[in-house]
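In the numbering used here, the protein residues as written are 10 to 299.
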């Protein structure tokens, strides 16, 4: 005799609606959202009130919630909002629930500041977004997309590498000759330029992929993930390699890393040169051995 299940039967119409929501979040295509709206209107006459309540609860659980943007800038607070890419983006539109922890007139290393922000809010229910001040947020729905990404991965970025090789000097490059890794190993898309309109786009590979390493221009993680682990930024790194080190620590803590499709324009490109970069590389190799 077949045993009866304690689980309620799955409504295939709700499954279709949820699949369309996921497709819209993953691709940004309005085609999926339009079809979702059309089917929701048609299905709503047949879906029971109890099922609609469950659907509403699921939607609420995926809402962005509080996002604490953590950023360091050499500008003072007033100039940050008028003279930096991120400041201008947040001045134009700051989604509900988005807060800013700004470190103005900064001359300290990013890891120390990021750890300060974590310590201040570790016991709050918040998503930390560690982001550079030269990043234009071009996606009006970036907070919603970020929330979607954090339902799939524990640590979300925009660009990264699906593998790691010995003595790798960057998530993008394989060696000190700056040999770029093959596209099949890369993930994400990042625009670049000096304004809110991209001068070019680095199409690295499909977004929404699990990776080993992420670019530090944009890193997001929930406070609950940090509370449950020992993951923090290593303050021996001032700037260079703090992101690679953070990703490797995350992997050791069993944290899932991945890229997510969010449109930005970065005003600077990878800079793997100079004394500070070389010193960071030596510290990185000294710590990890490869």
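All C-beta atoms, glycine included, are put in the ideal place defined by N, C-alpha and C.
Residue ranges of uninterrupted beta strand (DSSP E) with 3 or more members, entirely inside the segment 169–236 and ordered along the chain, are 195–201, 209–214, 227–231. For residue 161, the closest C-alpha among the options 220, 128, 235 is that of 220. Residue burial annotation: residue 102 is exposed, with fewer than 16 other C-beta atoms found within 10 angstroms of its C-beta. Looking at the backbone, the Cα of residue 135 and that of residue 157 are separated by about 15 Å. One Cα belongs to residue 292, the other to residue 245, and the distance between them is close to 8 Å. Nearest in C-alpha terms to residue 235, of all of 226, 209, 214, 262, is 262. Out of 131, 215, 205, 209, the CA that lies nearest to the CA of residue 192 is found in 215.
Assignment of beta-bridge partners to residue 166 by DSSP yields 228, 268. The alpha-carbon of residue 166 is positioned some 16 Å away from that of residue 123.
The residues 140, 166, 167, in chain order, have a CB closer than 6 Å to that of residue 227 in the same chain once the five nearest residues on each side in sequence are set aside. With fewer than three CB-CB distances shorter than 8 Å, the segment 190–204 does not count as touching the segment 149–156. Taking residue 252 as the centre and dropping the five residues before and after it, the same chain places the C-beta of 225 closer than 6 Å to its C-beta, in chain order.
A distance below 6 Å between beta-carbons, with the five flanking residues on each side excluded, links residue 110 to the following residues of its chain, in chain order: 77, 79, 126. Residue burial is scored here from C-beta neighbours: residue 274 has at least 16 other C-beta atoms within 10 angstroms and is therefore classed as buried.
In the three-state reduction of the DSSP assignment, residue 136 falls in the strand class.
Boundaries of the beta strand (DSSP E) harbouring residue 112: 107–112, taken from the DSSP string. Each residue's CA atom was taken as its position, placing residue 181 and residue 279 some 9 Å apart.
Your pair residue 75 and residue 108 checks out as a contact, with CB atoms roughly 6 Å apart and the cut at 8 Å. Residue range 251–261 is occupied by the alpha helix (DSSP H) that includes residue 257.
If you draw a straight line from the Cα of residue 179 to the Cα of residue 247, it is about 16 Å long. Taking every protein chain shown into account, the CB of residue 137 has 16 or more other CB atoms within 10 angstroms, so this residue is buried. Going by DSSP, residue 156 is part of the alpha helix (DSSP H) stretching over 151–158. The three-state reading of DSSP puts residue 81 in strand, counting E and B together. Assigned with DSSP and collapsed to three states, residue 240 falls in coil, not helix or strand.
DSSP places residue 122 within a helical segment (H, G or I) once states are collapsed to three. Counting along the chain, no alpha helix (DSSP H) covers residue 131, and no H or E run does either. Cβ neighbours of residue 286 within its own chain (closer than 8 Å, five residues either side excluded): 249, 280. For a cut-off of 8 Å, the C-beta gap from residue 159 to residue 231 is around 6 Å, short enough to register as a contact. A straight-line Cα-Cα distance of about 12 Å links residue 119 and residue 255.
Going by DSSP, residue 141 is part of no beta strand (DSSP E) at all; its letter is neither H nor E.
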